[in-house]
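*Asks:* For any residue, its number in our numbering is found by taking its place in the sequence shown, counting from 1, and adding 1.
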Amino acid sequence: MKKPVQNPREVAEIVAIQALSFVAGDPERLGLFLAETGIGPETLRSAAGDPNFLISVLDFVLRDDATVKAFANVSQLHPTNIAAARQVLGDPHWERDVP
2 MKKPVQNPRE VAEIVAIQAL SFVAGDPERL GLFLAETGIG PETLRSAAGD PNFLISVLDF
62 VLRDDATVKA FANVSQLHPT NIAAARQVLG DPHWERDVP
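1. So what does DSSP say about R64, is it helix, strand or coil?
2. Mind checking A86: buried by the 16 CB within 10 Å criterion, or exposed?
3. Can you name, in chain order, every residue of its own chain whose Cβ lies under 8 Å from the Cβ of V99, other than the five neighbours on each side?
4. Let me know the alpha helix (DSSP H) ranges lying completely inside the region 39 to 84, each 4 residues or longer, listed in chain order.
5. Measuring only the C-alpha atoms, how far is I40 from P93?
6. May I ask you to report which of helix, strand or coil DSSP gives D98?
7. Is it right to say V16 is buried, meaning 16 or more other beta carbons lie within 10 angstroms of its own, or is it exposed?
8. According to the Cβ coordinates, are F72 and F23 closer than 8 Å?
9. What did DSSP end up calling Q7 once you bin it into helix, strand or coil?
10. Checking 8 Å against the spacing of the C-beta atoms, do A1 and L21 come in under that value?
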């Protein structure tokens, strides 16, 4: 059995990756995101390892109420949890290796 994730940074990264999957699941939404970020579809997977890219994913989701609500519904998260994940990713004090 996997150990539950308790590090806020890891949780925030998981939320951002879920958000990326959500964005990628809708061709129109994905097209807007790719156009906004300048990233090509072929580099999405490698970009997902970059914390700044994950921040941009959450920024994209959070900027539109309908998108936030749709992602919150799909991910079964409260919108404030999504915003909190964005805050954690942008805070340099939440390093990956903090226990």
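Heads up, the beta-carbon is just placed ideally off N, CA and C, and yes, glycines get one too.
Owing to the predicted nature of the structure, the values given are computational and were not obtained by experimental measurement.
*Replies:* So, to answer that:
1. In this structure, R64 counts as coil in the three-state DSSP scheme.
2. Classification of A86: buried, given that the 10 Å Cβ count is 16 or more.
3. Summary for V99: the model assigns pLDDT 44, below 50, so the residue's position carries little reliability; its value from the coordinates is reported in the next sentence. Residues N8, R10 of the same chain have their beta carbon placed closer than 8 Å to that of V99, with the five preceding and five following residues left out of the count.
4. Segments of the alpha helix (DSSP H) lying fully in the region 39 to 84: 45 to 48, 52 to 63, 66 to 76.
5. So the two alpha carbons sit approximately 24 Å from each other.
6. Because D98 carries a pLDDT of 48, less than 50, the predicted location of this residue cannot be relied on, and the following value inherits that uncertainty. In the three-state scheme derived from DSSP, where H, G and I count as helix and E and B as strand, D98 is classed as coil.
7. V16 should be labelled buried.
8. Going by C-beta atoms, F72 is nearer than 8 Å to F23.
9. In the three-state reduction of the DSSP assignment, Q7 falls in the coil class.
10. Look at the range of the chain in this structure, 2 to 100, and you will see that residue 1 is not part of it.
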